[in-house]
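Colleague:
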Amino acid sequence: IRVAEDLATLDAIAGGRARLGVGLGYQPADFDMFGIDASKRVEIFEECMAVLRHCFSGERFSYTGKHYHVENVRMTPRPIAQPTPIWIGAWAPQAVRRAGALGDAWVIGPSASLSDVEPLVDVYHEAAARAGVKPKLVLMRDGWVANTRREADEVYGPEVMTAYQDYWQNRALAFQGIESKSAFTLENLAVDRIIMGTPEDCVEQLKRWQQVIGADEVMLRLRHAHSGGPPHARIMNAIELFGREVIPAL
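Numbering follows the numbering used here, with no gaps: position 68 of the sequence shown is 245.
1. Look at the alpha carbon of G334 and the alpha carbon of T325, and state the distance between them as a whole number of angstroms.
2. Going by DSSP, what residue range makes up the beta strand (DSSP E) through L397?
3. Quick one: what's A267 bridged to in DSSP?
4. By how many angstroms is the C-alpha of S357 removed from the C-alpha of L184?
5. Identify, in the order they occur along the chain, each residue of the same chain with its Cβ nearer than 6 Å to the Cβ of A278, setting aside the five sequence neighbours on each side.
6. Can you look up F419 in the DSSP assignment and give me helix, strand or coil?
7. Less than 8 Å between the CB atoms is what I'm expecting for V284 and V315, so what's the real figure, rounded?
8. Which residues mark the beginning and the end of the beta strand (DSSP E) in which L197 is found?
9. Would you mind working out which of E336, P262, L418, T241 sits nearest G193, comparing C-alpha positions?
10. Count the other C-beta atoms from every protein chain shown that fall within 10 angstroms of the C-beta of H409, then say buried if there are 16 or more, exposed otherwise.
11. Just to confirm the assignment: which complete alpha helix (DSSP H) runs, minimum length 4, are found wholly within the stretch 180-267?
12. Could you spell out where the alpha helix (DSSP H) holding I372 opens and where it closes?
13. Who are the Cβ neighbours of R398 in its own chain at under 8 Å, not counting the five residues just before and after it?
14. From the DSSP output, in three-state form, read off H409 for me.
15. Suppose you measure from the CA of R255 to the CA of R196; what does that come to, to the nearest Å?
16. Cβ of C379 within 8 Å of Cβ of I371?
17. Using a threshold of 8 Å, state whether the C-beta atoms of V273 and A267 are closer than that.
18. Can you tell me the Cβ-Cβ gap for M252 and C232, rounded? I've got them flagged as a contact below 8 Å.
19. Could you give the distance in angstroms between the alpha-carbon of P376 and the alpha-carbon of R230?
20. With a 10 Å radius around its C-beta and 16 neighbouring C-beta atoms as the bar for buried, classify D299 as buried or exposed.
21. Grouping DSSP H, G and I as helix and E and B as strand, with all else coil, what is R348?
22. Identify the residues that DSSP records as bridge partners of D319: which are they?
Here it is in structure tokens:
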């Protein structure tokens with residue numbers, strides 16, 4: 178309910194443009210921090226989705242599940258956007274089906290490769306069709322645009338590789354096929370995974386993704402919490418360059 182209230186506040190500030198992004202999670206530390214049994218995360222997630230939908234409706238409701246009990250609640254004001262969009266991030270086939278059944282969009286994991294994502298597109302569309310949901314593909318990518326590819330590698334490469342090293346060590350699905358540390362290089366991982374390089378490089382890479390999966394929207398992640406970088410000034414420069422030379426060419 179607190180999440181729903183926060184989203185409604187943000188949506189009022191944003192004039193109806195807010196989107197709620199949610200995901201199941203996979204790292205044990207995240208669940209341990211809140212004392213949650215990770216083996217029950219799917220049923221907890223599905224109950225949370227049900228409560229959120231009730232809250233966003235603006236109608237009075239009661240809800241009883243295995244993990245949550247809500248009695249005679251009405252959340253006001255409700256978000257401006259109706260129905261309120263909930264975007265679900267997912268990597269594995271079952272999670273992608275869940276996104277199709279419960280969400281308003283599937284946010285494609287930012288570090289999954291094109292070859293991993295391509296077969297999941299049909300999985301998502303089939304699940305959305307069964308649920309009577311209009312499908313929406315949101316391509317989330319790690320990325321960086323610079324004047325040269327060398328500059329992109331030097332500025333962004335160490336930051337994204339620090340994040341990927343952490344994902345790999347925590348057995349993130351996108352990296353489970355990489356067994357050797359010697360293969361864990363920017364050169365190997367960037368291809369069909371990271372959007373980076375000159376504006377022309379980024380346009381070419383995004384068009385390749387679009388041709389294969391047909392994304393409706395794109396989200397670009399420029400900063401990584403694992404390293405704290407790149408510096409803010411460089412991020413702003415990259416955003417300006419992306420807006421000036423990449424977006425108009427798409």
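For every residue, glycine included, the Cβ atom is placed at its ideal position computed from N, Cα and C.
Modeller: This is what the structure holds:
1. 13 Å
2. 394-398
3. I285
4. 42 Å
5. A304, A308
6. helix
7. 5 Å
8. 197-200
9. P262
10. exposed
11. 205-210, 218-234
12. It is not in any alpha helix (DSSP H) - I372 instead sits in the beta strand (DSSP E) that spans 372-374.
13. P287, M317, R318, D319, G320
14. helix
15. 14 Å
16. no
17. yes
18. 4 Å
19. 40 Å
20. exposed
21. coil
22. R398
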